[in-house]
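Residue numbers (full-length UniProt numbering), protein chains in the order written: chain E, 1 to 152; chain D, 1 to 152. The beta carbon of each residue, even a glycine, is placed where N, CA and C say it ideally should be. Read the structure below first, then the notes.
Number of protein chains: 2
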Amino acid sequence: MSSPCDLEAQLKLDNQLCFMLYACSRAVTRAYRPKLDALGLTYPQYLVLLVLWEWQQTPPAQATVKALGERLLLDSGTLTPLLKRLESLGLVERRRAQHDERERVLVLTEAGVALKSQAAEVPQTLLCESGASLEELAQLRDQLAVLLKRFA
Amino acid sequence: MSSPCDLEAQLKLDNQLCFMLYACSRAVTRAYRPKLDALGLTYPQYLVLLVLWEWQQTPPAQATVKALGERLLLDSGTLTPLLKRLESLGLVERRRAQHDERERVLVLTEAGVALKSQAAEVPQTLLCESGASLEELAQLRDQLAVLLKRFA
DNA sequence: AGCAATTAGATTGTGCGCAATTCTTTTTAG
DNA sequence: CTAAAAAGAATTGCGCACAATCTAATTGCT
């Protein structure tokens, strides 16, 4: 029902929307990389630690792999090896829950807790480097939250 | 120079911004997956074909791996194996340039050209399913373009 | 012409993402 | 009380991303 011209436009609009999301996500990750390298972390590892640091303030019902996966929208296929790496770095412990041996309870080590203060400087530095305003970024965050609800 | 409270807030704002980008990008890719599965394509392969289809209308100086990498912000380490898969699917040819044997010239096969009409339905379908307005998505695209310029 | 520097692409190795499967433990039904 | 179903993680396999390295071709300089 659409002319060839519509299809061209559709493919281009699509490109400039879903691709922008894809390219921006990678660009921001790339910007984080040098700062996180200094901490010995990858970007997904940093996100996991952000959640665990938040959980220090506001503990969830259970600090399990499942709860972490729900927060980050990731599954055990991604998280299990990542958490093993964080464990081998001495930042996280993966204990079995006493009340349910299927569950892994995630606990920050002393080193994992201590890393928080260093990590706190990372977003601050990037905010400055980007030259963006807090309002601009907050507005974008809100729009992305709407989009995420539509798709997730 | 910041109070503990500022650091907490910073880590949370950061979470809700860079994480939103990361989560949205994956959510949109996830939404594309079933449609692209039907075409036998992955999301990055679809993006590559979008560029090659655009190049049919507006050919670049050289349709090389380098030009494709500049368009998609990807390097040969990602593109070379991806293009080999598209080649083995019979969608793309990877010819050597006659004037410079280092360059690979990318050419759509007949099947690669033919796939375009099927692919054109994909973003249309997703737009409907998302329930989002074109204006909403266009505004988001523009904001992401600004962010990409800041970081890329 | 001859040789260093540059460039295009390919290769290698690590770490995600995610679908699909498997393993174990727990819960539920009959 | 046991067999079946369900739940939480782990494992397997594939395809990106990307840094680092390598190879081969081209360009520039003298």
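Going by Cα to Cα distance, which pick from D/L21, D/L91, D/R33 and D/L127 is closest to D/E110?
For the purposes of this step, residue 110 of chain D is taken as residue 110 along the second sequence, with counting starting at 1. Out of D/L21, D/L91, D/R33 and D/L127, D/L91 has the C-alpha closest to the C-alpha of D/E110.
Along the chain, where does the alpha helix (DSSP H) containing D/E70 start, and where does it finish?
On the second sequence, position 70 is the one that residue 70 of chain D refers to. Unbroken alpha helix (DSSP H) run through D/E70: V65 to L72.
Which one of E/T125, E/T78, E/E54 and E/A119 has the shortest CA to CA distance from E/G40?
Taking the first sequence and counting its residues from 1, one reaches residue 40 of chain E at position 40. Comparing Cα positions, the closest option is E/A119.
Straight-line gap, D/C128 to E/E87 (C-alpha atoms, nearest Å)
Working through the second sequence from its first residue, we reach residue 128 of chain D at position 128. Working through the first sequence from its first residue, we reach residue 87 of chain E at position 87. If you take the alpha carbons of D/C128 and E/E87, they lie about 44 Å apart.
Can you confirm whether D/D14, when its beta carbon is compared against all beta carbons of chain E, has any partner nearer than 9 Å?
Within the second sequence, numbered from 1, the residue matching residue 14 of chain D stands at position 14. It does; some Cβ of chain E falls within 9 Å.
Chain-ordered neighbours of E/V28 on chain D, where CB pairs are closer than 7 Å
Walking along the first sequence from the start, residue 28 of chain E turns up at place 28. For E/V28, the C-beta contacts it makes with chain D under 7 Å involve C18, L21 and F151, in order along the chain.
Going by alpha carbons, who is nearest to D/Q143 out of E/E136, E/L147, E/L148 and E/A145?
Here the question's residue 143 of chain D lines up with position 143 in the second sequence. Looking only at E/E136, E/L147, E/L148 and E/A145, the smallest Cα-Cα distance to D/Q143 is reached by E/E136.
Around the Cβ of D/R71, are there at least 16 other Cβ atoms within 10 angstroms (buried) or fewer (exposed)?
What you label residue 71 of chain D is simply residue 71 of the second sequence in a count that begins at 1. Here D/R71 is buried: its Cβ has 16 or more other Cβ atoms, across all protein chains shown, within 10 Å.
Using DSSP with H/G/I as helix, E/B as strand and the rest coil, what is E/E54?
Residue numbering aside, residue 54 of chain E sits at position 54 when the first sequence is read from its first letter. In this structure, E/E54 counts as helix in the three-state DSSP scheme.
Per DSSP, what are the beta-bridge partners of E/L108 in this structure?
In the first sequence, counting from the first residue as 1, residue 108 of chain E sits at position 108. For E/L108, which the question treats as bridged, DSSP gives the partners E/V92.
Within its chain, find whatever has a CB closer than 8 Å to the CB of E/A138; leave out the 5 residues flanking it on each side and keep chain order.
The count along the first sequence starts at 1 and reaches residue 138 of chain E at position 138. Taken in chain order, the list of residues that qualify is empty.
In chain order, what residues of the same chain have a beta carbon less than 7 Å from the beta carbon of E/W53, not counting five sequence neighbours either side?
In the first sequence, counting from the first residue as 1, residue 53 of chain E sits at position 53. Once the five neighbours on either side are set aside, the close Cβ partners of E/W53 are K116.
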